[in-house]
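Novice: Quick mapping for you: the protein sequence lines, in order, are chains A and B.
For the first sequence, the positions run 0 to 190 when numbering that gives the first Met the number 0 is used.
For the second sequence, the positions run 0 to 223 when numbering that gives the first Met the number 0 is used.
Every residue gets a Cβ at the ideal spot worked out from N, C-alpha and C, and that includes glycine.
Quick one: the structure is below, and I'll ask about it shortly.
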Amino acid sequence: MSDHIHHLINKVKAGDHDAFAKIVDLYKGQVYNICLRLIGIPAEAEDIAQESFIRAYTNIDRFETDKKFSTWLFKIATNLCIDYLRKKKPGASLDAELPGTDGYNMYAQLAASDPSPEEQVAASEMSDWLHAEIRRLPPKYRSAIVLKYVEDLSLKEISEILDIPVPTVKTRIHRGREALRKRLVRDRVKR
Amino acid sequence: MACSKPWRQLIEKVIDGEATAAERHELEAHMKTCADCRRHFHELEEVISALQSAEPAAPPPNFTEGVMRRIERPHGREASPLLRWLKRHPIATAAAFFIVLMTGYILSLWEQAPFQAVVNGSGDIKYENNRTVVVPKGEVIKGDLIVQNGKVKIEGKVQGNVVLINSRHLMASAGEVTGDIKEINQVLEWLWYRVKQTFAHIFFAVPSESSRSLTPSRLWMAPL
Ligand SMILES: [Zn+2]
């Protein structure tokens, strides 16, 4: 698999367009899903996923062949999504910390933007509910959760993609899933 | 109510698959008696399995075509191989660019160089109209005389070399030059002369055979 990819990359470096189209076909599913789960709006996710491939194409010479291509590509995509989220809500503190085990302020605030009862019924399916909840996490927790559980990447890969040490990745995953667990409990009580 | 923090941390560890067998058994034993930890554990498991069971969304149709179109759009098909090559070889591009600029610059120096006369040493020279330098009768130049884009009449003496850069020598009378008369009328010769002068200046501090001053740097700088 990785040999196949490196072969394609070398062809792209030599100016072969079709080889790049093959690379896009191989990774479009994962890149699109990362963008969709991080951004939540299909049209925007498509645009950013395409932009990720274009960045990869124009910077292909900077890709070091001894590295894993998917990690490099996902890093481009994740960074573009995080930039997008920053630009879209410049006022909101997207890097806001989730409260620790003792803090409930944030959940109280989030409660204000809860879906209506009709929406809750529509999103009754667990995974729909969950993806709506993921989108409410601050992006740094959201990205860790999506890469870990939706894309099933290793802690080391996530650490390379997000440019943070492995222990920080773990902390973000723990806090992110703890926030989701608390919301799960709270929504059950309501129903 | 909520159980203690160490138990919560152990739950995280077990869920992450990082606990030892002994730790797992310890937690299992605890959860038999602690309903709070049991619930917490199962809720976390539920969140994780829901996250993992999410069906990946299919990328929109024509996604790849869209990417390829956006890649090809910025520049026309004709120009793209060269542009792409230039983009991919930034150092070669910069070097080529530099060479083109330098060549142009040097040629323009050669063509636009003003009339100039320099004495590398002691002695006076005079000027006549029409870019002519005169070493007057009875005058002794101790050192080199360098003339650029002009004419030179030597009526006195030059105890050194006469360098004529794109210049003519009008040997009018019994003038005397003890050194060589070097005529430099080609760009390349001129360049070579400058390179030699610069290197002599840089590496030997005393520029050339008979001259003691550091004037060549003035000559080098002058057209700037
Ligand atoms: Zn307990």
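Sort out for me which residues DSSP pairs Thr131(B) with in a bridge.
Specialist: BP columns for Thr131(B) point to Glu127(B) and Lys150(B).
Novice: Could you tell me whether the region 128-142 of chain A touches the region 34-54 of chain A, using the rule of 3 or more Cβ pairs below 8 Å?
Specialist: Contact between the region 128-142 of chain A and the region 34-54 of chain A is present, because at least three Cβ pairs lie under 8 Å.
Novice: Could you list the residues in the region 3-36 of chain B with a C-beta less than 7 Å from some C-beta on chain A, going in chain order?
Specialist: From the region 3-36 of chain B, only Glu11 have a Cβ closer than 7 Å to chain A.
Novice: Run through chain A and tell me which residues come within less than 7 Å of Thr92(B), C-beta to C-beta.
Specialist: None at all; the shortest Cβ gap to chain A is about 13 Å.
Novice: So with Cβ pairs under 7 Å, would you call Tyr148(A) a contact of chain B?
Specialist: Yes - at least one Cβ of chain B is within 7 Å of the one on Tyr148(A).
Novice: With 7 Å as the threshold, decide whether the Cβ of Arg187(A) is near any Cβ in chain B.
Specialist: By this cut-off, Arg187(A) is not an interface position.
Novice: From Leu9(B) to Leu7(A), what does the alpha carbon distance come to, in whole angstroms?
Specialist: Cα to Cα, the separation comes out at about 45 Å.
Novice: Pick helix, strand or coil for Gln115(B), following the three-state DSSP scheme.
Specialist: Gln115(B) falls in the strand class under three-state DSSP.
Novice: Tell me the rounded alpha-carbon separation between Ile59(A) and Asn148(B).
Specialist: Taking the straight line from one Cα to the other gives about 53 Å.
Novice: Find the nearest neighbour of Leu187(B) within the set Ile164(B), Val176(B) and Ala28(B), judged by alpha-carbon distance.
Specialist: With distances taken between Cα atoms, Leu187(B) lies closest to Ile164(B).
Novice: Which residues count as close to ligand 1 when the rule is a CB under 5 Å from any of its heavy atoms, in chain order?
Specialist: Checking every Cβ against the heavy atoms of ligand 1 under 5 Å gives Cys2(B), Trp6(B), Cys33(B) and Cys36(B).
Novice: Comparing alpha-carbon positions, which option in Val165(A), Gln49(A) and Phe73(A) lies nearest Ile225(B)?
Specialist: In this structure chain B extends from 0 to 223, so residue 225(B) is not present and cannot be described.
Novice: Which of the residues in the region 11-24 of chain A, read from start to end, lie with their CB under 8 Å from any CB of chain B?
Specialist: Against chain B - using a Cβ distance shorter than 8 Å - the residues of the region 11-24 of chain A are Lys12, Gly14, His16, Phe19, Ala20, Val23 and Asp24.
Novice: When you compare only the Cα positions, how much space is there between Tyr26(A) and Glu64(B)?
Specialist: Cα-Cα distance, rounded: 14 Å.
Novice: Rounded to whole angstroms, what is the Cα-Cα separation between Lys155(A) and Cys36(B)?
Specialist: Rounded to the nearest angstrom, the two C-alpha atoms are 29 Å apart.
Novice: Counting contacts by CB-CB distance shorter than 7 Å, is Ser126(A) in contact with chain B?
Specialist: Yes, contact with chain B.
Novice: Near Val11(A), what residues of its chain come up, given a Cβ to Cβ distance below 8 Å and the 5 sequence neighbours on each side ignored?
Specialist: Here the set comprises Ala18, Phe19, Ile22, Tyr56 and Ile59.
Novice: Taking Pro59(B) as the query, report the chain A residues whose CB atoms sit under 8 Å from its CB, ordered along the chain.
Specialist: Correct list: Tyr31, Pro41 and Glu45.
Novice: Thinking C-alpha only, which one of Asp24(A), Leu72(A), Ala178(A) and Val184(A) is nearest Asn61(B)?
Specialist: Residue Asp24(A) is the option with its Cα nearest to Asn61(B).
Novice: Counting only the same chain and skipping the five closest in sequence on each side, list residues whose C-beta sits under 6 Å from that of Ile4(A).
Specialist: Phe68, listed in sequence order.
Novice: With 16 as the cutoff for other CB atoms within 10 Å, does Val165(A) come out buried or exposed?
Specialist: Exposed is the call here.
Novice: Buried or exposed: Arg176(A), going by 16 or more other Cβ atoms within 10 Å of its Cβ?
Specialist: Under this definition Arg176(A) is a buried residue.
Novice: Could you check what DSSP says for His88(B) in three-state terms: helix, strand or coil?
Specialist: In the structure shown, His88(B) sits in coil (DSSP, three-state: anything other than H, G, I, E or B).
Novice: Is the Cβ-Cβ distance between Lys152(B) and Val133(B) less than 7 Å?
Specialist: The answer is yes: Cβ separation under 7 Å.
Novice: Where in the region 141-182 of chain A do unbroken runs of the alpha helix (DSSP H), each at least 4 residues long, occur, reported from the N-terminal end onward?
Specialist: If we require 4 residues or more, the alpha helix (DSSP H) runs fully inside the region 141-182 of chain A come out as 154-161.
Novice: With a threshold of 7 Å between beta-carbons, can Thr131(B) be considered close to chain A, or not?
Specialist: Closer than 7 Å: no.
Novice: If we call anything under 7 Å between Cβ atoms a contact, is Ser153(A) one with Ala53(B)?
Specialist: For Ser153(A) and Ala53(B), no; Cβs fall outside 7 Å.
Novice: Note down, in chain order, each residue of its chain lying with its Cβ closer than 8 Å to the Cβ of Leu136(A), except the 5 sequence neighbours on either side.
Specialist: Once the five neighbours on either side are set aside, the close Cβ partners of Leu136(A) are Leu97, Ile144, Gly175, Ala178 and Leu179.
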